[in-house]
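Working notes for the structure below.
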Amino acid sequence: MGFRKTSVWHNVDWITIVLYLAIVIVGWGCVYSAGYNFDNASIFDIDQRFGKQLIWIGICIITAMALLLIDSDFYQYFSYFIYAIIILILIATIFLAEDVKGSRSWLTLGPLTVQPAEFAKFATALALATFMNSYNFKLFSLQNALASGAIILLPMALILLQKETGSALVFAAFLLVLYREGMSGMILYSGLLAVTIFILSIKFGGVMISGTTSFGEVSIVVLTLLSGIVMLWMYQPTKGKIRILLLKIIAFFALVTFLLVLTPLKISYAIPGYACIAVCALILLYYAFLDKIRDFGLIGLLMACSIAFMFSVNYLFYNVLQPHQRIRIEVLLGLKEDLNGAGYNVNQSKIAIGSGGLTGKGFLNGTQTKLKYVPEQDTDFIFCTVGEEKGFMGVTIVLGLYLALLLRLIALAERQRYAFGRVYGYSVVSILLFHITVNVGMVIGLLPVIGIPLPLLSYGGSSLWAFTILLFIFLSIDAQTKPSY
Amino acid sequence: MRPNELINRRTVFQTAIVLVFIILLSQLFYLQVLREDFKKFADSNAFLNRTIYPSRGMIYDRNGKLLVYNRPAYDIIVIMNEIEPFDTLDFCHTIHITKEQYINRIKELKDRRKNPGYSSYTQQILYTQVSAEEYGILQEKLYKFPGFYVQSRTIREYGDSIGAHILGDIGEVNKRDIENDNYYVPGDYSGRSGVEKSYEEVLRGEKGVEIMLRDAHGRLKGRYENGIHDEDAHAGKNIHLSIDSELQRYGELLMKNKTGSIVAIDPETGGILCLVSTPTYNPNLLIGRHRGKNHVELSKDPAKPLFNRALMAQYPPGSTFKPAQSLVFLQEGAITPSTAFYCWGKGGRPACHPHPSPISLIPALATSCNVFPYFALRIVFGNKTKYPTIQDAMNSWRDYMVSMGFGYALGVDLPGEKRGLIPNSRFYDKIYGPNGWKYNTIYSISIGQGEVNLTPIQIANLAAQISNRGWYYPPHIVKEVEEGQLDSIYTHKKHTLIDSKNYEAIIQGMHGAVTEGTCRGAQIDSINVCGKTGTAQNRGEDHSIFMGFAPMEKARIAISVYVENGGFGARWAVPIGGLMMEKYLKGSIPENRKWVEEKMINGIVKTYGF
Chain Y
1 MGFRKTSVWH NVDWITIVLY LAIVIVGWGC VYSAGYNFDN ASIFDIDQRF GKQLIWIGIC
61 IITAMALLLI DSDFYQYFSY FIYAIIILIL IATIFLAEDV KGSRSWLTLG PLTVQPAEFA
121 KFATALALAT FMNSYNFKLF SLQNALASGA IILLPMALIL LQKETGSALV FAAFLLVLYR
181 EGMSGMILYS GLLAVTIFIL SIKFGGVMIS GTTSFGEVSI VVLTLLSGIV MLWMYQPTKG
241 KIRILLLKII AFFALVTFLL VLTPLKISYA IPGYACIAVC ALILLYYAFL DKIRDFGLIG
301 LLMACSIAFM FSVNYLFYNV LQPHQRIRIE VLLGLKEDLN GAGYNVNQSK IAIGSGGLTG
361 KGFLNGTQTK LKYVPEQDTD FIFCTVGEEK GFMGVTIVLG LYLALLLRLI ALAERQRYAF
421 GRVYGYSVVS ILLFHITVNV GMVIGLLPVI GIPLPLLSYG GSSLWAFTIL LFIFLSIDAQ
481 TKPSY
Chain X
1001 MRPNELINRR TVFQTAIVLV FIILLSQLFY LQVLREDFKK FADSNAFLNR TIYPSRGMIY
1061 DRNGKLLVYN RPAYDIIVIM NEIEPFDTLD FCHTIHITKE QYINRIKELK DRRKNPGYSS
1121 YTQQILYTQV SAEEYGILQE KLYKFPGFYV QSRTIREYGD SIGAHILGDI GEVNKRDIEN
1181 DNYYVPGDYS GRSGVEKSYE EVLRGEKGVE IMLRDAHGRL KGRYENGIHD EDAHAGKNIH
1241 LSIDSELQRY GELLMKNKTG SIVAIDPETG GILCLVSTPT YNPNLLIGRH RGKNHVELSK
1301 DPAKPLFNRA LMAQYPPGST FKPAQSLVFL QEGAITPSTA FYCWGKGGRP ACHPHPSPIS
1361 LIPALATSCN VFPYFALRIV FGNKTKYPTI QDAMNSWRDY MVSMGFGYAL GVDLPGEKRG
1421 LIPNSRFYDK IYGPNGWKYN TIYSISIGQG EVNLTPIQIA NLAAQISNRG WYYPPHIVKE
1481 VEEGQLDSIY THKKHTLIDS KNYEAIIQGM HGAVTEGTCR GAQIDSINVC GKTGTAQNRG
1541 EDHSIFMGFA PMEKARIAIS VYVENGGFGA RWAVPIGGLM MEKYLKGSIP ENRKWVEEKM
1601 INGIVKTYGF
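Read top to bottom, the protein sequences are chains Y and X. All residue numbers for the first sequence refer to our numbering, where the first residue is 1 and numbers rise by one. All residue numbers for the second sequence refer to our numbering, where the first residue is 1001 and numbers rise by one.
In structure tokens form, the structure reads like this:
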């Protein structure tokens, strides 16, 4: 053991560390720029955010070194313990935290305020990795699948109770880990399909192509049928007979629809489509029982569910979502223009990024960010500073650094000898990917506003520290289980 | 699950990640490289171009006396979100407004329809142009009114309170001004009348601009790049008038309680020495907070004090027209200085004043004989070899008149000058038909009645060109623009169509009018004065008119005086003209003439209609 500890510095993946440091330094520059004022104080003034961030960077480097020196077995042995502690803290936070803009997620510890939700990510990753590393673990066993789900859902639910929807959504990223470990791709696909149906029915539900038929309905029917056929072909390529049967049924109903269009009947042209989906789903379920082929049943269910989901979208949208969430989505989909209200942030952030042009306005010259037109510019909207001051070249470099980091981490995860390291590694990749995609997507107007930070770049001690811990635990595991050459 | 599928998932993962990054970069490429408009949005967000106002040029008289200058005035500024509860009544009392006015004004400021630039973080102008006294008291109490500030600006001050029609005034620009000249933005001031208007572009200078950075709340955050893109303001140029402010003041004094005008010109340069139009007003009424109210009152006054009679009133010239006619007679060879006509005196047609008969040109001018020009012009019109038709004769006559500056505006550098009326043949053709008129139809033009109309300044200009023996510079009010040039029309001599030798007899006649004729009231000791009275018939009492110049040999002043409804020329216009010339040439009025001066100053002439 003693020998291995001294060789940690030799074995650790320096490429990742260099990428990590590069991003952190860029981030500090952005925080400095975002907080830069025309009557600014010293760079090292700890009252200023860039001063505080510098202290946090120091703390993170010390933490990182400590994590690398800890024996990797420690993480595995104590993973459930760490998870349990974090769960308890999350529960305590619900009751102890003060209300900050409607969310109860910040704990005050003396001079520090920390957000326990940030630390739940690595704790969950550790617990999941340990669980999936256990002897006899099979994701296909219902018991194991449910237990894995519970490990992920428990912190997620607690964070939702803290009214931190954004942070809670991050735990959906663990689905990607499960996918890598063998979960059916159909589940990911269903998620994607659900989002598509949601968008189609919100945006096009009211767009009529004839008196009684909306474009939303028709497109969802077509999408559902197409999904069913493609999945059959992908998952059961040998069962050509059933595929052909379904295609015949679809052709029949297409003819019915065509005839319906010719008649003067005033009913929705999507109705034959619904009937078609119902018939297809029933046939698939029948064969699922007959031939004991589970995929048939799943595909049939998926088709039925997507139509059921379509009919419940309106209820979800108007009754389950909070008004501020609803309006963010409406603004994103272009259904509402509210540049002074809900659309203000994104509009100003697009102006900031768009005005940067190809090469940017130059460091500290961004007017949109300096003059506070972009809110939360050093936390959730930090990417604007890069876009405005460094232009398209700058954002390409920053995204390039992230992409390199993610691809490097996948390479590291794949070389792990045990499931523990691999699952943990993929958890790191998935969480980072989710954060980057959602944050950048929001800032440039591709995704609705969901307040989560850009990893390692946004201002905020909790976030920076938590991402450092998340990453360096993996580097520590990697360095100590690396095959010796 | 086949084992190779799990290995494939690594590739799926990597591909998906690269795909996501490509999508993000595509949108960024679209926003940053393909779309051009964001840069503009960002600039209009962040930059506030703050105008630096130049100081307006000052106005001096011909002797360097300062007539118009800038005085500090104070605007009360408010920043709404800095206001704390305060003693509203005390505040309103200090700046002399009622509490209701204050409440209404605040409501107005907050109304974004009326005040689109409103922000509770930025300065809003609560009241403009508070007086220095109000400012003094407010300044001491300002600590009690947080959120209120005082900002100084400059307003015009008309030092001597004279020459309102010359100096004019400045006022806020209207929508049309802004459309016509993109120099202006709402809230700017520009000259509305007088020299302030006609020399607006010289006086206003050039605005500068300061580029300020403005944050999301509208607060200013300093200069953009330390002001390297800023532009300095350039002060307006100073103007020196040809006006003699002493003479102007004296003229306004003499014309007190009379309606009319005095125009005096320096014949050598065409510079206007004074331009009096009464009733007049104090130019300082039209500055500051009360400009609007005062302007309405002045424009409603039935005596029309805003009307500049010297340039805009068009009267029949009466007998002051006779010297101009006599010049035509001589030039046309219709008479010689010794030609004499029988005059039947009073009671004839046209009626005449008592004088010896027959009478020649010089005494006819001195006694203002009406018959002499009647006969003489008949000879001009009767020259069938030169003028086959009466139309030819009429148009030739018109050309002479136009060459003397009649019938068209002289081009005075003040707004609103009228052209008067000199009829031509078409004018009468229209009224009577081409064959419907003959000399006897139109003979009254020979004595300055009938259709002929002149402005007082055209008469003064007639006096100037006679004294110059045949030329004049178009009259102008500005002598010099500092670091600038005078319009070239004022430096190019204009010659009349009359040979200069023909002037001597006319000048003799006008001298005779002063020594022994109708203008004896205009005599000045030891100076040879020339003059001509006029009495223009109109509704009610006749207008009393005088035209003259002095000294006869080389005139330094040429003048016209109009006293509306003043009766005979000799009654008001002649003595006033005499006093004006004496005042200008000698500097003061001698003791033996003080009684005339007093009589004129104290005289009241009621105008027809009041």
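Backbone N, C-alpha and C define an ideal beta-carbon position, used for all residues, glycine too.
At a cut-off of 9 Å, the C-beta of Ile1106 of chain X has no neighbouring C-beta in chain Y. Exposure of His1096 of chain X is indicated by the presence of fewer than 16 other C-beta atoms within 10 angstroms of its C-beta. Counting along the chain, the unbroken beta strand (DSSP E) around Ile1076 of chain X starts and ends at 1066-1078. DSSP places Ile436 of chain Y in the uninterrupted alpha helix (DSSP H) bounded by 419-443. Counting the other CB atoms within 10 Å of its CB gives Asp1181 of chain X a total below 16, which places it among the exposed residues. Residue range 1271-1278 is occupied by the beta strand (DSSP E) that includes Ile1272 of chain X. Spatial neighbours of Leu245 of chain Y in its own chain (CB-CB distance under 8 Å, excluding positions within 5 residues in sequence) are listed in chain order as Ile283. For Ser1560 of chain X, the enclosing beta strand (DSSP E) stretches over residues 1557-1563. Interface residue (Cβ-Cβ distance to chain X less than 9 Å): Leu407 of chain Y is classified as such. Here Lys390 of chain Y carries a helix assignment [DSSP, helix/strand/coil]. A buried status is given to Gly1318 of chain X, since no fewer than 16 other beta-carbon atoms sit within 10 Å of its beta-carbon. Within the stretch 380-405 of chain Y, contact with chain X at the beta-carbon level (separation under 9 Å) is assigned to Gly387, Glu388, Gly391, Phe392, Val395, Thr396, Leu399, Gly400, Tyr402, Leu403.
Annotated three-state conformation of Leu109 of chain Y is strand, per DSSP. Between the C-alpha atoms of Pro1186 of chain X and Tyr1102 of chain X there is a straight-line separation of about 23 Å. As a beta-bridge residue in DSSP terms, Lys1532 of chain X pairs with X:Met1547. Counting only Cβ-Cβ distances below 9 Å, Leu339 of chain Y has no contacts in chain X at all, with the closest Cβ about 10 Å away. Tyr1053 of chain X has its alpha-carbon roughly 27 Å from the corresponding atom of Glu1140 of chain X.
When Cβ-Cβ separations below 9 Å define contact, Val429 of chain Y makes contact with chain X.
By the CB criterion at 9 Å, Gly1163 of chain X and Ile1243 of chain X fall inside the cutoff. For the stretch 431-453 of chain Y, the beta-carbon criterion of a distance under 7 Å to any beta-carbon of chain X is satisfied by Leu433, Thr437, Val440, Gly441, Ile444, Leu446. The beta carbon of Ala168 of chain Y sits closer than 7 Å to those of Met156, Ile159, Leu160, all from its chain and outside the five residues before and after it, given in chain order. Restricting attention to X:Phe1375, X:Arg1176, X:His1355, the CA atom closest to the CA of Thr1367 of chain X is found in X:His1355.
Listed in chain order, the beta strand (DSSP E) runs fully inside the stretch 1134-1206 of chain X are 1148-1158, 1169-1172, 1189-1193, counting runs of at least 3 residues. In the DSSP assignment, His1240 of chain X is bridged to X:Tyr1060, X:Glu1480. As a beta-bridge residue in DSSP terms, Val114 of chain Y pairs with Y:Leu107. The secondary-structure analysis by DSSP pairs Phe1341 of chain X across a beta bridge with X:Ile1359. Within the stretch 273-338 of chain Y, the runs of alpha helix (DSSP H) at least 4 residues long that lie entirely inside it are, in chain order, 294-315, 323-332. With its beta carbon at least 9 Å from every one in chain Y, Gln1485 of chain X lies outside the interface. Take Thr1259 of chain X, set aside five residues on each side of it, and the residues of its chain with a beta-carbon closer than 8 Å to its own are Thr1278, Pro1279, Ala1303, Arg1309, Val1563, Glu1564, Asn1565, Val1605, Thr1607, in chain order. In the three-state scheme derived from DSSP, where H, G and I count as helix and E and B as strand, Ala1393 of chain X is classed as helix.
A distance below 6 Å between beta-carbons, with the five flanking residues on each side excluded, links Thr1535 of chain X to the following residues of its chain, in chain order: Gly1318, Asp1542, Phe1568, Gly1569.
Around the C-beta of Ile15 of chain Y, fewer than 16 other C-beta atoms lie within 10 Å, and the residue is accordingly described as exposed. For Met1580 of chain X and Leu1247 of chain X, the gap between their C-alpha atoms comes out near 7 Å. Look at Glu414 of chain Y: its C-beta is under 9 Å from a C-beta on chain X. Counting along the chain, Ser72 of chain Y sits inside the alpha helix (DSSP H) bounded by residues 72-96. A distance below 9 Å separates the beta carbons of Cys1343 of chain X and Val1371 of chain X.
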